[in-house]
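Working notes, beginning with the structure itself.
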């Protein structure tokens, strides 16, 4: 199946979400009396024998509120190493090609009362196609209120699509961010999902709507927590 149109749709959303998030973060800086703004650096992927490997744009801001925040978008295409391809959903040594598009964000804050955060969502295609991603909160000084509000937002992203999603993907996040040698979870959790398969148009649009809702809820709740703290 040709997934190029679906990849293009996802790419447009990820770039739009980047623009909205960066505008909101810059607004927070202005409210704090800072003129900090994102600096954008395009980059190109390199792969021998690949005339169109893609690339992306790195967005970085250092401010009065945000010590350092990166918001990156990329769309890349190429081939997995043959010895590795078999471990990837829908890829093989005989058919190692892939295309991936997504957004990735990490924010570290000046004030330890304001939680750090991580968010990423993505769409990948091989001979199959799927969405994945999530968001998690990592406060130096945890506030139960912030944790509850963040998880409520993630549940609000999940419940309209499947009432089992929140508990499943919260558990996945807890397991994904567990640090075995310290026997602790990193931060206060969130949600994480992967391999939301898009076997047909209906599945694509259903899963795409869910991934968009994760981004929308993140855009609503995280700036609210930052402003409060």
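In this note's numbering, the protein residues as written are 1312 to 1540.
From the three backbone atoms N, C-alpha and C, an ideal C-beta is built for every residue, glycine too.
Item: Within a Cβ cutoff of 7 Å, which residues of the same chain sit near residue 1436, ignoring the five residues on either side of it in sequence?; Value: 1314, 1318, 1409 and 1410
Item: Could you tell me the boundaries of the beta strand (DSSP E) in which residue 1428 lies?; Value: 1427 to 1436
Item: Under 6 Å Cβ to Cβ from residue 1389, same chain only, skipping five residues before and after it: list those, please.; Value: 1358, 1361 and 1364
Item: Thinking C-beta only, is residue 1423 closer than 7 Å to residue 1451?; Value: yes
Item: State the start and end residues of the unbroken alpha helix (DSSP H) segment that holds residue 1356.; Value: That residue, residue 1356, is in no alpha helix (DSSP H); it is neither H nor E in DSSP.
Item: Give the single residue among 1332, 1316 and 1312 whose Cα lies nearest to the Cα of residue 1534.; Value: 1332
Item: According to DSSP, is residue 1540 helix, strand or coil?; Value: coil
Item: What residues in its chain sit with their C-beta under 8 Å from that of residue 1420, if we drop five residues either side in the sequence?; Value: 1376, 1377, 1378, 1426, 1427 and 1537
Item: Can you list, in chain order, the residues of its chain with a C-beta nearer than 6 Å to that of residue 1469? Leave out the 5 residues immediately preceding and following it.; Value: 1476 and 1477
Item: Pick out whichever of 1444, 1433, 1440 and 1499 has its Cα sitting closest to the Cα of residue 1459.; Value: 1499
Item: Please report the straight-line C-alpha distance between residue 1335 and residue 1501, rounded to a whole angstrom.; Value: 21 Å
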